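Presented below is the structure to which this report refers.
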Amino acid sequence: MLSLPLSLDASSRDEIAKERTASVSSLAQSSTKKNKIVGVVVDGVTGEPLIGAAVRIKGTTRGVQTDLDGKFELDLSPKDELEVSFLGYTSKTIKVGNQRVLQIKLSEDASQLGELVISAYGTGQKKETVTGAIQTVRPGDLKVPASNLSSAFAGRVGGMIAYQRSGEPGSNKANFFVRGAASMNGLQEPLILLDGVAVSAGDLNALDPEVIESFSVLKDASTTALYGARGANGVLIIQTKSGLASDRPIIGLRLETYMNTPTKVPKTVGAVDFMRLYNEAVANSSAGGALPYSQDKIQGTLRGDDPYLYPNVDWYKEMFRDVTWNQKANMNIRGGTEKITYFMNLSVNHETGMLKGRSKDFFSFDNNIDYMKYAFQNNIDFNLSKASKIALHLNVQLNNYRGPSTTANGSGGINSMFGAIMDVNPVDFPIFYPKGDDKWIHWGGAVVGSSPIANPMAVATSGFKDNFESTVVANLNFDQKLDFLTKGLSFKALFSFKNWSTTTVVRHQAYNSYELTGVKEVDGKKVYEQSNVSTLVNPVLGTATGNNGDRSYTFRANLLYDRSFREHNVGALAVAEINEYNRNTIGGANSAAQLINSLPKRRVSMAFRASYDYARKYMLEFNLGYSGSENFAAGHRFGVFPSISAGWNISQEKFWQPLKPVISNLKLRASYGLVGNDNIGGDRFVYLPVVNLNQNPSFRTGFGSAVVDLNGPTFSRLRNDDITWEVVTKSNIGAEIQLFKSLNIVAEYFHDIRSNIFQQKQTIPKLLGADGTTIWGNLAKQRNEGFELSAEYGKQVNKDFSISARGNFTFARNTMLELDEAPGTRPALSRIGKSVNIYSMYVADGLYIDKADIEAHAKSKLGNIAIAPGDIKYVDQPDKDGKYDGAISSDDRVLMGYPHTPEIVYGFGASASWKQFDFSVFFQGQANVSLMMSGFAPFGSQNRRQVLQWIADDHWSVDNQNVNAKHPRLTLLNNNHNMQPSTFWLRDASFLRFKNAEVGYSFKFARIYVNATNLLTFSPFKLWDPELGGGRGMSYPLQRTINFGLQMTLK
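Counting with the numbering used here, you get residues 397 to 1447 for the letters of the sequence shown.
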């Protein structure tokens, strides 16, 4: 305080008082004056900038989001306090004071105890109190240069078994299952919820990663039981971003262009090698005679003489290119006020295919793949009051696919063309011959036996398909806090509408193919005489159209309660939900299928959850799902699915404190419960009988020669009112460990028993008189068990350099426990006690050496030709009594190998940053998986296919009598014996892939980066990419990608 001297006169005292008042006023103004504050939010351990961290002024809804460098700007007064938060980090409150530059470090307790985990029905739970198996996926891990989101799942999401079977644009999605493919006949994919609404795997794949706020995978009964008859296969919960109240909108921009090349394409032989191999096959198939390809023919082809007389066509190089360029662009804007916030995102993705577009050489259209994908997300939140909120979320996806059509109805596409180039060899005919007097193209052709050989180029250019697909998902949400009734009580309601539609236009024309019959000279010019090898047609583009679609509605009401009484924390959730699904297109006229498809599908669900924890130390949770499905008979439509879980955070105990510096966190948890699956396979209303009203013949009357066949009604399926959903009993044990406050480890063991699996009954007593009639029921049971392990580590080496690493491992194996098998099934072919998806095959013992070897071995009944040296030798198997019959037949098959779905999926990676540079690598692999090679026999009585290089390099021949050769002898005879599924063709499809590498550099408002995907693959299988699976490898190959990107944040 200022003291005034008593000796001063009145005027002096007044002057001093004025100065005092001015000083106090100046102090008050300085405390309220706003200054521009610049700050950066970083990881407290690694020092990496936290992009998108929320920075709010305490007591208001004003705030901003950090940019690509973790930076932000705000106009603040010294009295203001900032609340800073980021998913997975502990929030922090900062007093501004007189600081103009702020560096805010957020700590991530590696167990992420402060993280808000999204669980069932979109409710949030603190990770430290979660007692179920929930995997949280970082949205940044899903940002890969691909048009399908699921292609990023493999090796990155713990508990997820994922693999990709095609690289074709629009079809390069991954097959994915939570903890393995667990149902024999029913739905295997998880329930997918986008902002609380069930969507398809296609909708998920079309989602732009930029719009994802959180991504959770629910895996055990305690997290999925609330979904009742839809939760047996796990649940994916995706929540999109919301707006943010800020002084100005935040604009994000991402531009990418990427180059695709095939990871691996099977090699084929050249023209000369093909002719020599074909001559060899002829020699192996006949007692003598002239060979079809003479030395003159071979030498003329080798010299490159007249291409019409000596064709030498590399069909792959003529039709496909190995490099394609694609583009992707994304722009989003985020902002709002205290009353309304918004988030809008628009993305465009353009992909092209591997066809060279040769249709433009012959016709006026281009039928190479041109795939355009547009995605729009618009989320608007209205704060009606401090207790009331309305949100409108709109997701729109538009896909336009234009590509080749090899059939008039559009069923054929580019994938079939890779097989087509294997069905034709390089020397039978050229792409086309010179035109005659007619107006159409004279495509090259030939006939083998009685079968015309399709010209791949003619097929590829015969037409195109244009498919336009649209999906709209609209959600209206209402949130109301009910604290006026009791503290911690709230109400939520959701109404959603989803519509999917697709329209297809197919333009297709037939073609004429010719073979060369002679050459003559006319006026000094060669004239190539030709004859048509197919029915002569007038090639005109025809038109076919089709459309399809569906729509669904969801209404849900939630009542939530969350409250703490000192160290006692309680929570409850009650849910009621109604779903309806309708087909927009219902099929053929006046049919039973049309009637059934025209009926809406409805489902009613209710759920309840109660949770309790004491001091975040002891946790208990009970869940109950109650579902009704109209797909079953009355009395079997409703079911109850309870679960219970518990957790113990040992590291919170007093006795644990001395161990805290080493084991910072240790939590044990366990769960047990029932979950259902009402999508069990088969037709709709599978409990009803199927009656054929006028079967011919239906029954017989009379005896002996007086037997008469009469028409009448018959049953093709008998009624079974006891059919109901699959029930899965799930058990889960988990442990969460944090070491040295920097290494996080999560381990899970799961054990599921799936009963009531839908199956056709194999043992119908004859006395029922139901010969030829099927009966279906809940007859099978299987076990699915395994474990998961994930680890994360991060370290800030110094102020400029940081490193981090993480990895996960998933093992999931299913075993058939009960199955209604056909009477007399041999033990070797019984699937009980074996994996669901393993192969049935013969056991091979190399190749026959000579005739004496053939005579000494069991006689084959598999083929229709005589067995010869160089054919596959199969092992005779004992019957159920342990006896051998001395013959090779279908009774000698066994179940062997691993399934075609991998039992093991794993991934690991590391990242580092130095100043403005960042670098990351990621590896992904699969194991315990087999593939069965098939369909590549080059020659037969009706075909003269191309030969794969590996066959030419190592097959049995007179000059290479190797009983361990990779391919048996070549022959023109239809050798069914050699083409049987057997251990000869079974291969190990495991691999380790260098999945991704990225390097980037950050500027103030932008980041440039380069990344590459599928760089290298290490596998014992070398012929094609093992992830494609079995067959002959001639399908659209997986792609190696090099991507160049620019990311910007503007304010």
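Ideal placement from N, C-alpha and C gives every residue a C-beta, glycine not left out. Fair warning: this is a prediction, and the values are worked out from it, not measured in the lab.
What distance in whole Å lies between the Cβ atoms of PRO852 and MET813, which are believed to be in contact at a cut-off of 8 Å?
6 Å
Rounded to whole angstroms, what's the CA-CA distance from ARG1202 to ALA450? Just pull it up for me.
25 Å
Closest by CA to PHE1401, which one among ASN1107, VAL1086 and ASP465?
ASP465
Assuming the contact rule is C-beta atoms closer than 8 Å, ALA625 and GLY1035 should be a hit. Round their C-beta distance to whole Å, please.
6 Å
Please report how far the alpha carbon of ALA658 lies from the alpha carbon of PRO1433, in whole angstroms.
Residue identity differs from the one stated: residue 658 is Pro in this sequence, not Ala. Approximately 6 Å, taken between the alpha carbons.
Run the CB neighbour count on GLY528, radius 10 Å, all protein chains shown included, and call it buried at 16 or more, exposed below.
buried
For LEU404, which residues from the same chain have a beta carbon less than 6 Å from its beta carbon, with the 5 sequence-adjacent residues on both sides left out?
Residue confidence for LEU404 is low, a pLDDT of 39 falling below 50, so the modelled location carries little weight; the figure read from the coordinates is stated next. Result list for LEU404: empty, nothing under 6 Å.
Taking 7 Å as the threshold (C-beta atoms), are TRP1044 and LEU1064 in contact?
yes
By Cβ distance, which residues of its chain are closer than 7 Å to PHE1390, with the 5 residues on each side in sequence left out?
PHE1319, LEU1411 and LEU1412
Three-state class that DSSP yields for ILE694 in the structure shown
helix
Whole angstroms is fine: what's the gap from SER367's alpha carbon to PHE887's?
Given that the chain is displayed from residue 397 to residue 1447, the structure contains no residue 367 and the question cannot be resolved.
May I ask you to report which of helix, strand or coil DSSP gives PHE758?
helix
Within the continuous alpha helix (DSSP H) that includes ARG1179, where are the two ends?
Segment 1172-1192 is the beta strand (DSSP E) holding ARG1179; no alpha helix (DSSP H) there.
Comparing alpha-carbon positions, which option in TYR712, GLN1192, THR1367 and GLN499 lies nearest ASN680?
THR1367
Starting from the N-terminal side, write out each stretch of the alpha helix (DSSP H) that is 4 residues or longer and does not extend beyond the stretch 813-886.
852-856
Please classify TRP376 as buried or exposed, where buried requires at least 16 other C-beta atoms within 10 Å of its C-beta.
One cannot answer for residue 376 here, as it falls past the ends of the chain, which runs 397 to 1447.
Checking the sheet assignment: what are the DSSP bridge partners for GLN499?
VAL436
With a CB to CB cut of under 7 Å and the five nearest residues on each side skipped, what residues in its chain are close to ASP718?
THR657 and PRO658
Within the continuous beta strand (DSSP E) that includes ASP1074, where are the two ends?
Here ASP1074 belongs to no beta strand (DSSP E), and DSSP marks it neither H nor E.
If we ignore side chains and look at the alpha-carbon of each, how far apart do TYR623 and SER1023 end up?
8 Å
Measuring straight from C-alpha to C-alpha, what distance separates PHE1146 and TYR674?
55 Å
Whole runs of the alpha helix (DSSP H) within the stretch 515-592, excluding any shorter than 4 residues:
none
What's the gap between the Cα of ALA641 and the Cα of PHE778?
11 Å
Segment contact, 8 Å Cβ cut-off, at least three pairs: the stretch 570-583 with the stretch 545-561:
yes
Which value, in whole angstroms, describes the spacing of the CA atoms of ASN544 and GLU1299?
23 Å
Would you mind sorting PHE549 into buried or exposed? The rule is 16 or more other CB atoms within 10 Å of its CB.
buried
Output the distance between the C-alpha atoms of GLY1266 and SER690, rounded to the nearest integer angstrom.
25 Å
Compute the Euclidean distance between the alpha carbons of LEU687 and GLU676, then round it to the nearest angstrom.
9 Å
Please report how far the alpha carbon of LEU483 lies from the alpha carbon of LYS523, in whole angstroms.
11 Å
Can you round the beta-carbon distance between GLN773 and THR867 to whole angstroms, since I take them to be within the 8 Å contact cut?
With a Cβ gap of about 12 Å, GLN773 and THR867 do not count as contacting.
Name the residue from VAL709, TYR770 and LYS782 whose alpha carbon lies nearest to the alpha carbon of LYS735.
LYS782
Closer than 7 Å by C-beta to LEU1084: which residues in its own chain qualify, once you throw out the five before and the five after it? Chain order, please.
ARG1115
Cβ-Cβ separation, LEU878 to LEU885 (assumed contact under 8 Å), whole Å:
4 Å
What is the C-beta distance between ASN954 and VAL971, in whole angstroms, given that I count them as a contact (C-beta under 8 Å)?
5 Å
Using 8 Å for Cβ pairs, my map puts ILE1153 next to SER579. What's the rounded Cβ distance?
7 Å
Could you tell me whether the Cβ atoms of ASN895 and ARG947 are closer together than 7 Å?
yes
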